[in-house]
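Right, one structure below, let's go through it.
Protein chains in written order, with the working numbering: chain A, 802 to 1261; chain B, 802 to 1261.
Shown next, in the form of C-alpha cells:
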C-alpha cells in the first residue's frame, strides 16, 4: 500500500508549501522519544488551522487514506509510529495560546502548544496548569489530551482529563466538533470532550482546548523520607492526604533507591538502609501556614514510627535535588542496561504484595533478573523496570506476559498513564471485559467507520 | 401505543413478584419532586441485580419496547416523565453499599443507593463523598451519575463526573458494560464511564459505581458577607480561591437576599443594604490552622474594601443557619408565586452584566416582572427565578425564549447542573454547534439504535 499521487497533489493547495514535509525533512523526525525512528510515511502534513485540518481529513476520508497524528512524539507506547501507507498529520503549526481568562481561570490554546509554553503563559497571570511531565518542553497539549497524560501531581489536581474544560476536535470525515466550554458546570448535552480525551487519537484529532487553571501555588515543601515497612507507607499516605496542600506522594522501593543512591552521591539524601522511600510534596499559598502544617505532619509521622530518617528541603534548589532522586531514569538506563518498563495501577493496599509476586514470577520464569519499583503511589500507579540479561529486548513479550499475568491476578490496570498505543495492544483484551471491549469497538466504528485514524493504536 | 401483554408476562419470571409494580402502586409514585405526576406507564419494573436488568432490557430490545429509568425522581427537568407506551425501570432494589476501601478511598455501590446513605457509609470510615444536594436523602447515586449532578461544593471537589472512578451500566440491548475501575490513573482503553455520566439515561442504565472518596474534613468555617459591588465580588473570589480549604462560594444578588431577609428574620445575618451577598465556606483538617487562614482572608478582604459587613459562624448551628439563607427555595416558592427557574452557566466576569441584560430583556418583553438571582458563582453557575404574573406558568416558553436569547448573546450554557431532560429539549440545538449535535446523535444511534432508552430526553 502506498499513498495515491493524486491525493498528495490535492494536499498542497490546502496547507501550502510550509504545510508539507517530505524526503529528508521526514527522515529527520522521530516517532519515539528515545530511539531515532523516522515515520515510514512519505509525507508529513502540517495544517495551520482547524479548517485546513478539516479539509485534509475530508480528502483522506474520501480516498480511504490512513492518518497517524503527531503531537510532541514523547509517548513511550508507540502511538506515533507511522508506516508507508500512512500520512502523518502534525499539529505543530497550530501552536498559539489564544486566550487566558484570569478570573474564570481558563486558558484557550491550539493543540500544538507545548505543555511548558502553556504553563508559562498561565504563570504570567499568577496561574498554574497542574499537569507536570518530564517531557513538558516537547509534549503538546493536544498529545497530552489524546493520551490523558498524568505525571507527578495527579494526587492533587487529577489527570489531564480533570484539567480540560472544553475541546475542539475533527472527526475522521472532517466534521468539526466544537465544544469549547469554559465552565466548571455545563450539562448541555453529552460531554463529547470525554470521548477524545485518552482515546489516543483514534476517535478524532484534537485541535483546540480550554484548560482549567488554578491559582499558582507560592509555597513548595518537599521531604524525602525512609520508611521501615509497607504498612507504614500506607499509614503515611493516609496522614499525608489530610493536608489539603499535598501535591505529590512518590514511593520508591529499596531496589530503585539503592541503585540511584549508590551511583550518584548527589542523589543520596538518606541512607539506603530501609525497605521504602517516599518523596512528599505540599504546595500552598501561605509560607508560614504551609510550613507549620508540613512540619507537624513530619513530626507526628516520626513520633508514630512511620519514618526512619528524613530530609526536608530548605530551598528551591534542595527541593529540585530531592525530586532528582525520583526522576533518575537516565541512571536506570545506564546501570540496568536494556530493561522493559511497566506503568500499571494496582490496589494500593496490595502494591508491595504485587511487587513481591512479580519478583517471584520473574525468578521462576527467568532465573536471574534485576528489577526496580517506584511510582506515584498516592495514585495507585507503579512503574517497574525489569532486566533479565542481554536478551531483555528480544524477550520483551515474554517478560510482559509474566508481569501482566501477575497483574491480572491482582486486579490491576494494564496502563495507568502511558496508554496502550501499539506497544500494549496485544494485552488490552485481557484487561477489559467483553462488554466494555465491544462497546469500545462500537464507538470507534461509529466515529471512524472506515478506520483511518491511528489505525494500529489500541485495537483494530 | 400500549405495552404488549406477552412482554408483560415475560417480565414476571425475570424480576419476580416484588420486582413488578402495577395499578395503585404506580399511581402512588411521582415523576417530579414538586408535583404529583405519576408515570403514565402501566408497570414499574424493579430488577434486583444487573443480571435481571440485562435480561429485562434484552427482552425490551427484542420487542422494541421503550423504557424510562427512575432513580430518586428528584430531577427538575422532566427526565423521569413516562407515558403509557413506556415501561418504567426503577433501580430502587439495587441499593447495597458493596464495599468501602479506606486506603484506596473508594466505595463501590449499587445505583439505587441514595446519596446520603453513601455519605453516611463513607463517614463511618472517616471519609467523605463530596457531592452535596438538597435532595440527597432521595436522589440516588445512579440518578446523580446519569445527570452529572453538581451542588454546593463543586468549586472544591468537582461535579459528580469528577467523583466517579468506575462504572457498570447496561446498554439498550442488555449488554453489560463493566468498568468498575478503582484507580485514580487508568488509561486502559476508552474511559467508557464518561459516556454514561451526564447522558441522562439515554446511552445506558447505570447499575453500579465506584465512587472516589476524600478524607472527611474535620473543620468547617462559614462566613456570610455583604459586598459593595460586582468587581469586589470577583476580587473576593480570586482571593478565596487561594485558600486550599475553600469549599463553597455562593453569591446572592440584592433581589434574592432582600426577599429572603425581609420574610424571615432568622435569615438576616447582615443588613440587606448592599448589592451583593456571598456565603463563603472552607473545610479542612486542622482547627487552628483553618481558623487562622479563614480569619486572615476575611480581615484582608475587609481592609481592601471588598466587604461591607460580615458574620462568621461560631458553631455548627450558626454555619447551618447561614447556609439556610442560601437555601431558601421554599421562601421563593411562597413569596414569588409561580416562577420559572433557570440554571445556567455564564462567564463569571460578565455574570452581573448578564443579570442586568436579562432584567432589561424581561422588562421590554413583559413590562412588570420579578426576578431573583443567586448561585454557585465560584462555578460560573447562576440560578435565576422569573415571575411575570399569574400567567407565568402558561407563558413559560416565552420567558425561557427571552432569557435564553440573552444567554446565547453572552455565550452562556443552557444548563449548568440540572440537565436538559424533556423540559429544555427545545433549546438544546441553540446551544450546541451543528458538528457537536450531529456527533451526539451518532453516539446515541450507535449505542441505542432502536431508540428505547429515555426516548423523550435530550433530543430525538
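Where a beta carbon is used, it is the ideal one built from N, C-alpha and C, also for glycine. Quick caveat: nothing in here was measured; it's all calculated off a predicted structure.
query, result
"According to DSSP, residues forming a beta bridge with residue 1054 of chain A", "A:1077"
"Start-end ranges of the beta strand (DSSP E) lying completely within the region 846 to 887 of chain A, minimum 3 residues", "867 to 871"
"Residues within the region 1024 to 1049 of chain A neighbouring chain B, beta-carbon criterion of under 8 Å", "1035, 1038, 1039, 1042, 1043, 1044, 1045 and 1046"
"Alpha helix (DSSP H) segment containing residue 1020 of chain B, residue limits", "Unbroken run through residue 1020 of chain B is the beta strand (DSSP E), 1020 to 1028; no alpha helix (DSSP H)."
"Of the listed residues B:876, B:1184 and B:1188, nearest to residue 834 of chain B (C-alpha basis)", "B:876"
"Touching by the beta-carbon criterion (3+ pairs, under 8 Å), the region 1009 to 1025 of chain A and the region 961 to 970 of chain A", "yes"
"Classification of residue 1039 of chain A by the beta-carbon crowding that lies within 10 angstroms, buried from 16 upward", "exposed"
"Test: residue 986 of chain B CB closer than 8 Å to a CB of chain A", "yes"
"Option nearest residue 1064 of chain A by Cα separation, candidates A:1097, A:1131 and A:1116", "A:1131"
"Residue 1129 of chain A and residue 1182 of chain A closer than 8 Å at C-beta", "no"
"Pick from A:1049, A:851 and A:1035 that is closest to residue 960 of chain A, judged by C-alpha positions", "A:1049"
"Integer-rounded CB distance, given that residue 1080 of chain A should sit under 8 Å from residue 1124 of chain A", "7 Å"
"Separation of residue 963 of chain B from residue 1193 of chain B, as counted between CA atoms", "37 Å"
"Exposure of residue 1118 of chain B, with buried meaning 16 or more beta-carbon neighbours within 10 Å", "exposed"
"Residue-level contact to chain A via CB, residue 1090 of chain B, 8 Å cutoff", "yes"
"Residues of the region 917 to 941 of chain A with Cβ closer than 8 Å to any Cβ of chain B, in chain order", "none"
"Which listed residue (A:921, A:1155 and A:1191) has its alpha carbon closest to that of residue 1204 of chain A", "A:1155"
"Proximity below 8 Å, CB of residue 873 of chain B to CB of residue 829 of chain B", "no"
"Check whether residue 919 of chain A and residue 898 of chain A have beta carbons under 8 Å apart", "yes"
"Contact set for residue 987 of chain B: own chain, Cβ-Cβ below 7 Å, skip 5 residues either direction", "none"
"Contact belief for residue 1199 of chain A with residue 1223 of chain A at Cβ below 8 Å, rounded distance in angstroms", "Not really, about 18 Å apart at Cβ, beyond 8 Å."
"Minimum Cβ-Cβ distance from residue 1275 of chain B to chain A less than 8 Å", "Any question about residue 1275 of chain B goes unanswered here, given that chain B covers just 802 to 1261."
"Residue from A:1007, A:1109, A:1165 and A:992 with nearest C-alpha to residue 1244 of chain B", "A:992"
"Buried/exposed call for residue 1168 of chain A, threshold 16 Cβ in 10 Å", "exposed"
"Spatially closest choice to residue 867 of chain B from B:896, B:1251 and B:935, by CA coordinates", "B:1251"
"7 Å CB neighbourhood of residue 932 of chain B in its chain, flanking five on each side removed", "916, 945, 950, 952, 961 and 964"
"Amino acids of chain A, ordered along the chain, whose beta-carbon sits closer than 7 Å to that of residue 1000 of chain B", "991"
"Beta-carbon proximity list for residue 1127 of chain A, same chain, < 6 Å, skipping 5 on both sides", "1051 and 1080"
"Residue range of the beta strand (DSSP E) that includes residue 971 of chain A", "965 to 971"
"Neighbour flag for residue 1233 of chain B against chain A, beta carbons, 8 Å", "yes"
"Nearest residue (CA-CA) to residue 1247 of chain A, options A:994, A:892, A:1004 and A:1019", "A:1004"
"Sub-8 Å separation of residue 857 of chain A and residue 815 of chain A beta-carbons", "yes"
"Interface partners of residue 1229 of chain B on chain A, CB under 8 Å", "989 and 990"
"Within chain B, partners of residue 1086 of chain A - CB distance below 8 Å", "1043, 1044 and 1045"
"C-beta neighbour in chain B for residue 1138 of chain A, strict 8 Å", "no"
"Helix, strand or coil at residue 1110 of chain B [DSSP, three-state]", "strand"
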